[in-house]
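*Asks:*
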Amino acid sequence: MKTICLYFEIHQNVHLKRYRFFEIGKDHYYFDDYENERGITETAERSYIPAIKTFIEMAKLYGKAFKVAFSISGCAIELLEQYAPEVIELLQELNDTGCAEFLAEPYSHGLSSLANEDVFRDEVARQAKKMKELFGKKPTVLRNSSLIYSDDIGGLVASMGYKGMIAEGAKHILGWKSPHFLYHCAQNPNLKLLLRDYKLSDDISLRFNDSSWSEYPLFADTYMDWIAQLPEEEKVINIFMELCALGIYQPLSSNILEFIKALPAVAKDRGITFATPSEIIAKSKSVAPIEVPYPMSWNDEERDTSCWLGNVMQREAFHKLYSVAERVLICKDRRITQDWDRIQASNNFRFMTTKNMGVGFYRGIYDSPYDAFTNYMNILGDFINRVNSLYPLDIENDELNALLTTIRNQADEITVKDAEIARLQARLSKFEPAEKEEEKKAPAKKAAPKKAAAPKKEAPAKKAAAPKKEAAAKKAPAKKAAAPKKK
Amino acid sequence: MKVLMFGWEYPPHVFGGLATANYGISQGLKAQGDIETLLCLPRPFGDEDRSAAKIIGMNCVPIAWRDVNYDYVQQRIGNIMSPDDYYRFRDHLYADFNYMHVNDLGCMEFAGGYPKNLTEEINNYSIIAGVVARTEQFDIIHAHDWLTYPAGIHAKQVSGRPLVIHVHATDFDRSRGNVNPTVYGIERNGMDNADCIMCVSELTRQTVINHYGQDPAKCFAMHNAVYPLAPELQEIVDQRLPYKDRKEKVITFLGRITMQKGPEYFIEAAKRVLERTQNVRFCFAGSGDMMNAMIDMAAAYGIADRCHFPGFMKGKQVFEIFRDSDVYVMPSVSEPFGISPLEAMQSGVPSIISKQSGCAEILDKCIKTDYWDIDAMADAMYSLCTNDSLHEYLQVEGKKEVDGITWEKVGERIRRLYDQCLARY
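As you go down the protein sequences, you meet chains A and B in turn.
Residues 1 to 487 (my numbering) make up the first sequence, in order.
Residues 1 to 425 (my numbering) make up the second sequence, in order.
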């Protein structure tokens, strides 16, 4: 029995605005609000809303016989929350039917998996948390931005506790092998891999409405016959694409949604089922490891990372961007974190490609790769200045991190001690309920032993800690003074 | 196939871009193998490269009968043309031009270049062209720029061969719209009589179609090319200091400082760049009627200490400038083609060119901005000066791209148009 795994990517780039070099240091807002609003509302109206509504109908019609998976980048969630919240509501409605699974992915839809492990972990954790908040379930399967995958990334993802990952069924990796099996990561057999069948996926996402295509017009039963005619032992058919394919790449007028809607019925006739990635991972056994020494992706003919990191400009931008990664991770400024997510998006690098992309390639507001690079570097220049101005440049990252940890630990300790003081205070007041005069003296008494105790506990951070303690000690009496009044 | 070509200037005596283009086209045609070119020039100096074309000095072609002996002719014009040719031309006089200012050989003198009495010289040139056209056998006529259009028309009328004209510039480019009616008249007449119009860019082609009312079917874009750098020039360019030793960046404007070239946009952009960084110098290589205004403008903006005006550059000096430059900028308001960005890119200098220039149509590894968009221009300058990778990319890829633009390819395309033209004729 064959199983189809349908997966859709939901990602929208947060467009950068035209940012000239003389704005560096003066203007810290980098985004083109108009274009963002226009882009996301248009995509929602033309594609996301009708497509998700169709999925909901299908879920009601076929029940558990229909399954679908999504992953949403953090940037897309932010845009949707702001400009098209109905999309999220529809996704939640679909989630309630039990037919949908939501996958984890890096929050920014960026290339952190190729640059910095910590950033990647952090990003994925944030996106997974968001998925839990919105859909009530922590994802167990991860998909990297644009299906970037290599052995190292696989190993990293496995160490983060994910059970599976979806990746491209690239010809240069698979060779004679078929993508219609479950594979596992060469570095860690616990991480299962679902590989995309690019032929069947592209038949829908690229060629469906192409009247010059030999198979045009494509009907659901023809399509399902292709799947049914695959060799008996090939069981898992992974059809992955962007959700935009339904409605934007292939216009609604091409009846693509009717095609999708018909799939479960024609599949049932041929004994083919649908499943989500985690169900497939739970049910099937992996047949072999897949070795991917160099990163691959689902982009372009080459299926590699050349459309983001193919030329020197892209690589310089990439290295500059991740050169401040550690500092950004240390920093807790929300605006910086948000900007960091948005400028990391891989789309920004794609605009700088000098590969021959054909006439239809969308470059956003830029008219050349050099223009895209210049604009990005201006923004990055300002961003890096902001990050650097947070902490002095001459402190090493490690040292800074150590200092910040010390401060954080001390803060924790102080809260613990505050609680302790309050507790002791309460006790004391029981012994001396009436004598207010003594109560006033009490804080001084109590603060003193603490000062004495502190150096013992934290010998290394003596100097930094001492003034804080005093401050805490000063605060404590104030609290105590307030407490009795309540009584 | 034999081509009768009318030109005005030819290297090494360069007055403008026409000479280089004419040389390149002759070389490109020669590379086709079976094309023989007869090139008429008003006043050759005798040191021209004759490998690509047989040169006829129009100032050595008689238009009035003089009885002169072989040795005298040899002594007078031998360095330019053989006396046998002189006698051949003398056998084909078609009218009595003794009333003109002819010399002892029955020839007319030319000042050469672009003198005050240009229209008179153009007229004389076309009178002589009548003699040449009656003497020589040829399949097709090719006239470069409006100066030689009347000669081309004359030759066509005499010989009945098709006329191809090559539009290197129109008066609309030179004057930003304030056209000189005499020049327009000559240009228009040449185009009306031409069987095929080759324009140096699509931009020029559109001007020819829209402003001169020509049939689009006979207008073709024929982009220029560049020659690989001569060894002595390559040597100059190779002296470029390594990147780390170049402490100050130099951004260069090279060309006539006139309205057509948009120098004021360069200053405006320079001002914006200098507000942000002090590490850049701006060089205005060239002279022209707006030079003083530009110096005033730089002074008014308080950036005169960073703007340099070394004056008109030619030959080797151009490449010395390129050697010392980091960015080349051509903010032309209207540039039919513009060969200097190609030379800059050949020398390893990344270029910023205006979208209103013809060479933008064939160049990809350079930055293009609108000439009026000074913010974009400044941004591109700043980016090239601060982002090494962009500079490196455009330096390497730009050179590769320009190396692929050769006159041989242009010659091949011209050849194809000749064939088409002759087939229709």
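Heads up, the beta-carbon is just placed ideally off N, CA and C, and yes, glycines get one too.
Determine whether the Cβ of A/S286 lies closer than 8 Å to any Cβ atom of chain B.
*Replies:* Translated into positions along the first sequence, residue 286 of chain A becomes position 286. No, A/S286 does not count as interfacial toward chain B.
*Asks:* Does any residue of chain A have a CB that is nearer than 8 Å to the CB of B/N103?
*Replies:* Translated into the one-based positions of the second sequence, residue 103 of chain B becomes position 103. Taking Cβ atoms only, chain A never reaches closer than 8 Å to B/N103, which makes this a no.
*Asks:* What separation, rounded to the nearest whole angstrom, lies between the Cα atoms of A/Y322 and B/A300?
*Replies:* The residue labelled residue 322 of chain A in the question sits at position 322 within the first sequence. The residue labelled residue 300 of chain B in the question sits at position 300 within the second sequence. Straight-line Cα distance between these residues: approximately 43 Å.
*Asks:* Indicate whether B/D104 and B/R66 have their beta-carbon atoms separated by less than 8 Å.
*Replies:* For the purposes of this step, residue 104 of chain B is taken as residue 104 along the second sequence, with counting starting at 1. For the purposes of this step, residue 66 of chain B is taken as residue 66 along the second sequence, with counting starting at 1. A contact, by the Cβ cut-off of 8 Å.
*Asks:* What is the residue span of the alpha helix (DSSP H) that A/M1 lies within?
*Replies:* Taking the first residue of the first sequence as position 1, residue 1 of chain A is located at position 1. Where A/M1 is concerned, there is no enclosing alpha helix (DSSP H), given that its DSSP letter is neither H nor E.
*Asks:* Are B/K434 and B/L233 touching if we call contact CB-CB under 8 Å?
*Replies:* No answer is possible for residue 434 of chain B: it lies beyond the span of chain B, which begins at 1 and ends at 425.
*Asks:* Around the C-beta of B/D388, are 16 or more other C-beta atoms found within 10 angstroms, so that it is buried, or is it exposed?
*Replies:* As a position in the second sequence, residue 388 of chain B is number 388, starting the count at 1. Looking at its Cβ environment, which holds fewer than 16 other Cβ atoms inside 10 Å, B/D388 is exposed.
*Asks:* In terms of DSSP beta bridges, what is A/L103 paired with?
*Replies:* If you number the first sequence from 1, residue 103 of chain A lands on position 103. According to DSSP, which records beta bridges pairwise, A/L103 is partnered with A/S71.
*Asks:* Residues in the region 23–56 of chain B with C-beta within 7 Å of chain A's C-beta atoms, listed in sequence order?
*Replies:* Residues passing the 7 Å Cβ filter: none.
*Asks:* Per DSSP, which residues does B/V164 bridge with? Please list them.
*Replies:* Taking the first residue of the second sequence as position 1, residue 164 of chain B is located at position 164. Note: B/V164 sits in a beta bridge opposite B/H142, B/C196.
*Asks:* Along the alpha helix (DSSP H) that carries B/D391, what are the first and last residues, could you check?
*Replies:* In the second sequence, counting from the first residue as 1, residue 391 of chain B sits at position 391. The question names Asp, but residue 391 of chain B is His in the sequence shown. That run of the alpha helix (DSSP H) goes 388–403.
*Asks:* Is the beta carbon of B/G358 closer than 8 Å to that of B/L203?
*Replies:* Sequence index remark: in the second sequence, residue 203 of chain B carries index 203 (1-based). Sequence index remark: in the second sequence, residue 358 of chain B carries index 358 (1-based). In this structure, B/G358 lies closer than 8 Å to B/L203 by Cβ.
*Asks:* Helix, strand or coil: which one does DSSP assign to B/M259?
*Replies:* Taking the first residue of the second sequence as 1, we reach residue 259 of chain B at position 259. Note: B/M259 maps to helix in three-state DSSP.
*Asks:* Kindly list, in the order they appear in chain B, the residues whose Cβ is closer than 7 Å to that of A/M377.
*Replies:* As a working mapping, residue 377 of chain A is identified with position 377 in the first sequence. The contacting residues are S383, N387.
*Asks:* Please look up how many angstroms separate the CB atoms of A/P264 and A/Y62, rounded, as I've assumed it's under 8 Å.
*Replies:* Locating residue 264 of chain A in the first sequence gives position 264, where the first residue counts as 1. Locating residue 62 of chain A in the first sequence gives position 62, where the first residue counts as 1. Indeed, because the Cβ distance is near 5 Å, the residues count as touching under 8 Å.
*Asks:* Within 10 Å of its beta-carbon, does B/F284 have 16 or more other beta-carbons around it, so buried, or fewer, so exposed?
*Replies:* Working through the second sequence from its first residue, we reach residue 284 of chain B at position 284. The residue in question, B/F284, is buried, as its Cβ has 16 or more Cβ neighbours within 10 Å.
*Asks:* Under the three-state reduction of DSSP, which class applies to A/F536: helix, strand or coil?
*Replies:* With chain A covering 1 to 487 only, the question about residue 536 of chain A has no answer from this structure.
*Asks:* According to DSSP, is B/T119 helix, strand or coil?
*Replies:* Here residue 119 of chain B refers to the residue found at position 119 of the second sequence. Residue state, collapsed to three classes: helix.
*Asks:* By Cβ distance below 6 Å, which residues in the same chain neighbour B/D195 in space, the five residues on each side in sequence not counted?
*Replies:* Looking up residue 195 of chain B in the second sequence gives position 195. Closer than 6 Å at Cβ, skipping near neighbours: P162, L163, C421.
*Asks:* Per DSSP, which residues does B/K368 bridge with? Please list them.
*Replies:* Start at 1 with the first residue of the second sequence, and residue 368 of chain B comes out as number 368. Note: B/K368 sits in a beta bridge opposite B/I353.
*Asks:* My output table needs one value for A/E81: the three-state DSSP class, helix, strand or coil.
*Replies:* One-based indexing of the first sequence puts residue 81 of chain A at position 81. Reduced to three states, the DSSP call for A/E81 is helix.
*Asks:* Assuming A/M352 contacts A/F383 under a Cβ cut-off of 8 Å, what Cβ separation, rounded to an integer in Å, is found between them?
*Replies:* Along the first sequence, one-based indexing puts residue 352 of chain A at 352. Along the first sequence, one-based indexing puts residue 383 of chain A at 383. So it is not a contact: roughly 17 Å between Cβ atoms.
*Asks:* Do we get a CB-CB distance below 8 Å when we pair B/E121 with the residues of chain A?
*Replies:* Start at 1 with the first residue of the second sequence, and residue 121 of chain B comes out as number 121. No, B/E121 does not count as interfacial toward chain A.
*Asks:* Is the distance from the Cβ of A/G154 to the Cβ of A/C185 below 8 Å?
*Replies:* Here residue 154 of chain A refers to the residue found at position 154 when the first sequence is read from its first residue. Here residue 185 of chain A refers to the residue found at position 185 when the first sequence is read from its first residue. Yes, these two residues count as a Cβ contact at 8 Å.
*Asks:* Would you list, in sequence order, the uninterrupted beta strand (DSSP E) runs of no fewer than 3 residues that lie entirely inside the region 151–204 of chain A?
*Replies:* 164–168, 182–185, 192–196, all fully within the region 151–204 of chain A.
*Asks:* Tell me which residue opens and which closes the alpha helix (DSSP H) that B/W207 is part of.
*Replies:* One-based indexing of the second sequence puts residue 207 of chain B at position 207. Correcting the residue identity first, residue 207 of chain B is Thr in this sequence and not Trp. That run of the alpha helix (DSSP H) goes 202–211.
*Asks:* Taking the alpha-carbon of B/G262 as reference, which of B/R188, B/V200, B/Y184, B/V333 has the nearest alpha-carbon?
*Replies:* For the purposes of this step, residue 262 of chain B is identified with residue 262 of the second sequence, where counting begins at 1. The shortest C-alpha separation from B/G262 is found at B/V333.
*Asks:* Consult DSSP for B/Q137 and reduce its assignment to one of helix, strand or coil.
*Replies:* Taking the second sequence and counting its residues from 1, one reaches residue 137 of chain B at position 137. B/Q137 falls in the coil class under three-state DSSP.
*Asks:* How big is the Cα-Cα spacing for A/A461 and A/E326?
*Replies:* Taking the first sequence and counting its residues from 1, the one referred to as residue 461 of chain A is at position 461. Taking the first sequence and counting its residues from 1, the one referred to as residue 326 of chain A is at position 326. Note on A/A461: pLDDT 45, under 50, position unreliable in the model; the coordinate value appears next. Distance between the alpha carbons of A/A461 and A/E326: 23 Å.
*Asks:* Does DSSP put B/Q157 in a helix, in a strand, or in coil?
*Replies:* One-based indexing of the second sequence puts residue 157 of chain B at position 157. Three-state DSSP puts B/Q157 in a helix.
*Asks:* Suppose contacts are defined by Cβ-Cβ distances below 8 Å. Is B/T182 in contact with B/V208 by that definition?
*Replies:* In the second sequence, the residue the question calls residue 182 of chain B occupies position 182. In the second sequence, the residue the question calls residue 208 of chain B occupies position 208. No, these two residues do not count as a Cβ contact at 8 Å.
*Asks:* I want to see whether chain B comes within less than 8 Å of A/N311, judged by CB atoms only; does it?
*Replies:* Your numbering for residue 311 of chain A matches position 311 in the first sequence. True, the Cβ-Cβ gap to chain B drops below 8 Å.
*Asks:* Under 7 Å between beta-carbons, which chain B residues line up against A/F22? List them in chain order, please.
*Replies:* Within the first sequence, residue 22 of chain A is the residue found at index 22, counting from 1. Under the 7 Å cutoff, chain B gives R272, E275, R276.
*Asks:* Does the region 74–82 of chain A come close enough to the region 273–293 of chain A to have 3 or more Cβ pairs within less than 8 Å?
*Replies:* Result no; under three Cβ-Cβ pairs closer than 8 Å.
*Asks:* Distance, Cα to Cα, B/I374 vs B/L274?
*Replies:* For this step, residue 374 of chain B is matched to residue 374 along the second sequence. For this step, residue 274 of chain B is matched to residue 274 along the second sequence. Approximately 13 Å between the Cα atoms of the pair.
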